[in-house]
Structure formats: C-alpha cells, structure tokens
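Participant: Structure in structure tokens, see below.
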Amino acid sequence: MEGLGVAWYDAVGMVGVALILLAYALLQAGKVSGDALGYQLLNLFGALAVLVSLVYEFNLSAVLMETAWVLVSLYGIARGLRARKAATRG
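Numbers given in this note's numbering equal positions in the sequence shown, counted from 1, plus 294.
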C-alpha cells in the first residue's frame, strides 16, 4: 500500500480498527453475544493489529488502550473456554 501513501503498518492498524468496529457493530446488531469466542477473537486480533502499527508510530495512550483491550479479550476467551469445559463435564 506504499503506492497509495499508506505504510504497511498503517494498513495493518486500519485492519485492526476495522476488526474492533466490526465486533462492536455485530454485538450492537445482536448478531453475536459478548461472550462469544468469535467476538473475543475479533477484538483480540484487532487490538494486536493496532499494536503492530503503534510499534512504528508510537502513542503511549493508544498502546495502553490496546494492551488493555488484548488483556480483556484474553480474559474473556479464557473465561469462555472454562465455562464451555465445565458445561461439557456437568
């Protein structure tokens, strides 16, 4: 995307933003639930992609936000997996 004046890491960051916004839009439209694995994965990969872009164009507040987004997403994934595992046992 360099020919369009967009660095590759900016393109990665924009894809990340699109993933996060897609997850939120799907949640608001009632197409996914907040504890769905797909929702958590969209948020996780979106935040990771934004973090990649921030390595090249650092912004502390954005790094803190996206790091928190990754941690919350990982927590949600772990919580969901534990719940699914407990449901199959019980």
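All residues carry an ideal CB built from backbone N, CA and C; glycine is no exception. Since we're looking at a predicted model, the values are computed, not measured.
1) Note down, in chain order, each residue of its chain lying with its Cβ closer than 7 angstroms to the Cβ of VAL309, except the 5 sequence neighbours on either side.
2) Do you know offhand how far LEU345's Cα is from THR361's?
3) At the level of alpha carbons, what is the spacing between ILE371 and GLY299?
4) Measuring straight from C-alpha to C-alpha, what distance separates ARG373 and LEU321?
5) Pull up the distance between the alpha-carbon of GLY307 and that of VAL349, whole angstroms please.
6) Go ahead and pull the three-state DSSP assignment for LYS379.
7) Please report how far the alpha carbon of ALA330 lies from the alpha carbon of MET359, in whole angstroms.
Facilitator: With the given structure in hand:
1) Position 15 of the sequence shown, counted from the first residue, corresponds to residue 309. The beta carbon of VAL309 sits closer than 7 angstroms to those of ALA343, all from its chain and outside the five residues before and after it, given in chain order.
2) Residue 345 sits at position 51 when you count from the first residue of the sequence shown. Residue 361 sits at position 67 when you count from the first residue of the sequence shown. Using only the alpha carbons, I get a separation of about 8 angstroms.
3) Within the sequence shown, the letter at position 77 stands for residue 371. Within the sequence shown, the letter at position 5 stands for residue 299. Taking the straight line from one Cα to the other gives about 36 angstroms.
4) The residue you call residue 373 lines up with position 79 of the sequence shown. The residue you call residue 321 lines up with position 27 of the sequence shown. Rounded to whole angstroms, the separation of the alpha carbons of LEU321 and ARG373 is 18 angstroms.
5) Here residue 307 corresponds to residue number 13 of the sequence shown, with the count starting at 1. Here residue 349 corresponds to residue number 55 of the sequence shown, with the count starting at 1. Looking at the two C-alpha atoms, the distance is approximately 10 angstroms.
6) Here residue 379 corresponds to residue number 85 of the sequence shown, with the count starting at 1. In the structure shown, LYS379 falls within a helical segment according to DSSP collapsed to helix, strand and coil.
7) Along the sequence shown, one-based indexing puts residue 330 at 36. Along the sequence shown, one-based indexing puts residue 359 at 65. Rounded to the nearest whole angstrom, the C-alpha separation of ALA330 and MET359 is 22 angstroms.
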